[in-house]
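The next block holds one structure in the form of structure tokens; read it before the comments.
In our numbering, the protein residues as written are 118 to 234.
What follows is the structure, given as structure tokens:
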């Protein structure tokens with residue numbers, strides 16, 4: 118495994134299974150990684166998992182500033198089709214414009230392709 122990787126993050130139904138989590142932790146330890154999972158009670162609720170991902174991104178400083186006060190309400194959409202937790206993206210954020218809104222973003226996965234170390 119790449120030496121700069123420190124964490125092995127698992128969530129969702131896989132992380133709620135204690136048997137699977139135990140074996141993944143053994144694999145992580147053998148490879149010098151720390152297994153990071155949300156509490157099992159949170160692993161089966163998609164809304165909570167999305168919020169947890171958002172908190173992790175916020176803590177890591179990966180967020181956009183809120184829209185300007187004078188921006189019309191009908192333009193305050195911030196859609197992100199995919200938001201991987203384990204992959205970082207550079208400061209090359211971009212905004213995809215549509216006829217309906219000025220704040221629809223392309224997939225974050227497409228923004229980081231080629232920039233992952």
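Here a beta-carbon is modelled for each residue, glycine too, at the ideal position from N, C-alpha and C.
Confirm, please, whether the CB-CB distance from residue j to residue i is below 8 Å.
| i | j | result |
| --- | --- | --- |
| residue 157 | residue 135 | yes |
| residue 141 | residue 126 | no |
Apply the 10 Å Cβ neighbour rule to residue i and answer buried if 16 or more other Cβ atoms are within range, or exposed otherwise.
| i | result |
| --- | --- |
| residue 131 | exposed |
| residue 215 | With a pLDDT of only 45 at residue 215, under 50, the local geometry of the prediction cannot be trusted, and the value read off the model is given with reservation. The residue in question, residue 215, is exposed, as its Cβ has fewer than 16 Cβ neighbours within 10 Å. |
| residue 124 | exposed |
| residue 155 | buried |
Between the Cα of residue i and those of the options, spot the shortest distance and give me the residue it belongs to.
| i | options | result |
| --- | --- | --- |
| residue 153 | 163, 129 and 164 | 129 |
| residue 166 | 148, 125, 181 and 133 | 133 |
| residue 148 | 121, 172 and 177 | 121 |
| residue 179 | 187, 186, 170 and 185 | 170 |
| residue 160 | 138, 176 and 145 | 138 |
Going by DSSP in three states, residue i sits in which element: helix, strand or coil?
| i | result |
| --- | --- |
| residue 127 | coil |
| residue 211 | With a pLDDT of 49 at residue 211, under the threshold of 50, the predicted position of this residue should be treated as unreliable, and no value is reported. |
| residue 165 | helix |
| residue 137 | helix |
| residue 152 | strand |
| residue 132 | helix |
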